[in-house]
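Below is one structure; the comments refer to it alone.
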Ligand code: GLN
Ligand code: ZN
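Numbering (the UniProt record's numbering), first residue to last: 1 to 759.
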């Protein structure tokens, strides 16, 4: 129990493999191309390499059990014996785990949702009345044993587990069970048993993650945590306990943890203010694990500023250890493969491996004095200075232009004036039909993209092939009888990357992959500088599509909040300032689309809810700029141009007021799975613009029948008058098969006709 304190660590690290090896073998295993032994061999190799690198870089405490075949919350459910009964019939352990994560022909998977305000998605454990917690420590014990065997010193291997308060507050009650958190006492017994096992296996430290303490999910969380850690801290046979909080300010949770006997507490000093630390006297006997290196964004640490911050903490705790603010799971492995960047840009960045080096440097400065790392500080200062003075980051004319538009030009005409002008221009029937934008990414599209990348075809040939796709999609929509058509988005690899590639102020990494969920990885663009639009980005596609039909074609853009949410964003100015720059670029695009004769423009904001801050107190300010940026994007056009937006969810919760404030003429939302309840929610806040609750659930291969969709529309008409109701699927069609889409849309148009006949 009186283990040596450590001085330099990270809270966790990426696990997909530096070349996405884990993704590849896992998917091969799912496809039946390799067996389990092969999968496990690759996984063990990745763990070994990770530990070896962390230890070699100079960390004196190395996290283990941060590897996962899919997700750490799902791993915790397994650890606690809390998998749902419906997977129990799968005999093989790993297959059972994957069945819970992904489902199979008979078994529905567990739900997945966003991990706090990151782009990582976790599996939501289900706690039913029959869930019986039992300890199943095989994974953590074997990873601990593996790490110890590897020989870089059993002492420094520190198992990481998710804590009971976070586990229960992020789980979901099913089958009429009480709120999972009501099971906290019982679950704490299982953790007590686990700590005994870890101590017996030689673990000197254990890291228990309680990020839920930085949120307002439960006002009781600090008191519950105090109760749990008093109990676990009072055990005789246990490792030293390090409770980690991250992604924000633990608030009252910090003092609550400090009053318990745990030996170390982790605080995120990048996203959480550090002022409260001096006011917690109980920290004086503990190790404070100071998360001063940003674990979730890719910027190089300002070492001098971080050292100054660390210096203020020295008097507050018995020992100050240096760490990343959270697991580096959320950033790419290493800068090494990024050879295409200019020197300045590269000098501003730190990916996973570079962050470890920063932690070690800072710990060394604390131990030996800053002279010991003078060279590193000098290099860091040079990077800070170069970033500050780079003209790409400070376009004065752009800033002035934005300030002016914010004052004078983000107001459109009244809703009535717009409705009248649009009616006259568009002549749409009641209950107009449309889609959300993308059509299936066909084999031909994929082949053409691969051929372009491989250099087998040139840009011109690629463009021709995409034009053929657009023509086919327009023809199909005309045959189906849809009212507002789309070009189908065949030319877009990704709805954010497509724009990032065309805007100034962004760059693309060559190997900057991060795990999004399971085996799925994304390569977010980096928004490093002031954002401007050198030339139109989508007008050629929209006007080409419009030239093929007399029906209106909807121009398709991605909104500023979504572009920010799915990129790594500069941290040297408030997010709001960056959002307004992206908004101006989108605004310029809408103006060009309008000038080119496009009468309907959709600005997608599927990520509006994702960026919501973790603390309630910060939410209003966020929604204010999120709405402001959307309105800047969409208010440059005349009243006769119809603005649509699309949101990918129907549980609006805290963002419902903001949805009304976006003031789009038409909003399409998910609803096929939530039975039109969303319309009542929107009515309740006085929403009075056009709305298209999805009547076709595109997340399923099932073709909905005409009767079924007509019934949904009748239900919708109880809540919304016909003049305001639109008929559409609940999201883009890119993941669906062409024949499913054709059949479903034919039924959707028939359902709209049926419903029109009744009004
Ligand atoms: N317009 C996009 C599409 O149809 C919207 C995607 C989304 O909502 N995520 O694919
Ligand atoms: Zn969507």
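For glycine and all other residues, C-beta sits at the position ideal for the given N, C-alpha and C.
If you're wondering where the values come from, they're calculated on a predicted model, not measured in any experiment.
- In the DSSP assignment, residue 527 is bridged to 506, 569.
- The C-beta separation of residue 46 from residue 17 comes to about 5 angstroms, placing the pair in contact by the 8 angstroms criterion.
- Judged by their CB atoms, residue 298 and residue 581 are not nearer to each other than the 8 angstroms cut-off.
- The continuous beta strand (DSSP E) containing residue 668 extends over residues 666-669.
- Taking the C-beta atoms as reference points, residue 537 is found no nearer than 8 angstroms to residue 584.
- Every residue whose beta carbon comes nearer than 7 angstroms to a heavy atom of the ligand GLN appears here in chain order: 436, 437, 438, 489, 495, 556, 602, 604, 606, 646, 648, 731, 732, 733, 734.
- Across the structure, residue 466 and residue 115 are spaced so that their CA atoms are roughly 36 angstroms apart.
- By the beta-carbon neighbour count (other beta carbons within 10 angstroms, threshold 16), residue 693 is buried.
- Excluding sequence positions up to five before and after residue 539, its CB lies within less than 7 angstroms of the CB of 592, 593, 596, all in the same chain and listed in chain order.
- In the three-state scheme derived from DSSP, where H, G and I count as helix and E and B as strand, residue 319 is classed as strand.
- Around the beta carbon of residue 336, fewer than 16 other beta carbons lie within 10 angstroms, which makes this residue exposed.
- Contact check between the segment 545-563 and the segment 475-495: three or more CB pairs, one atom from each, fall below 8 angstroms, which counts as touching.
- With a cutoff of 8 angstroms on beta-carbon distance, residue 190 and residue 133 are scored as near each other.
- If you draw a straight line from the Cα of residue 137 to the Cα of residue 385, it is about 49 angstroms long.
- Per DSSP, residue 537 lies in no beta strand (DSSP E) segment and is marked neither H nor E.
- Counting only the Cα atoms, residue 303 lies some 10 angstroms from residue 370.
- For residue 749, the uninterrupted alpha helix (DSSP H) run begins and ends at 738-757, by DSSP.
- Here residue 93 is exposed, its C-beta having fewer than 16 other C-beta atoms within 10 Å.
- Just so you know, the alpha carbons of residue 475 and residue 703 end up roughly 21 angstroms apart.
- By the criterion of a C-beta distance shorter than 7 angstroms, residue 445 is surrounded in its chain by 469, 490, once the five residues flanking it on both sides are discounted.
- In this structure the segment 193-213 touches the segment 150-170; the number of beta carbon pairs closer than 8 angstroms is three or more.
- Under the three-state reduction of DSSP output, residue 312 falls in the helix class.
- In terms of CA proximity to residue 727, 750 leads the group 750, 225, 188.
- Ranked by how close their Cα comes to the Cα of residue 98, the residues 518, 366, 15 have 518 in first place.
- Setting aside the 5 residues that flank it on each side, residue 439 is surrounded in the same chain by 473, 488, 733, each with a C-beta closer than 6 angstroms to its C-beta; the list follows chain order.
- Close CB contacts of residue 156 within its chain, under the 8 angstroms cut and outside five residues either way in sequence, are with 6, 55, 59, 60, 61, 62 (chain order).
- Residue 131 and residue 83 have their C-alpha atoms roughly 8 angstroms apart.
- Under DSSP, residue 438 takes part in a beta bridge, and its partners are 488.
- Fully enclosed beta strand (DSSP E) runs of no fewer than 3 residues occupy 240-244 of the segment 219-250, in order along the chain.
- Between residue 426 and the set 344, 598, 118, 228, the nearest pair of CA atoms involves 598.
- Linking residue 435 to residue 49 through their CA atoms gives a straight-line distance of about 47 angstroms.
- Rounded to whole angstroms, residue 177 and residue 184 show a C-alpha spacing of 14 angstroms.
- In the DSSP assignment, residue 92 falls outside any alpha helix (DSSP H), carrying neither H nor E.
- In this structure, residue 706 sits away from residue 636, with a CB-CB distance that is not shorter than 8 angstroms.
- Going by DSSP, residue 205 is part of the beta strand (DSSP E) stretching over 205-209.
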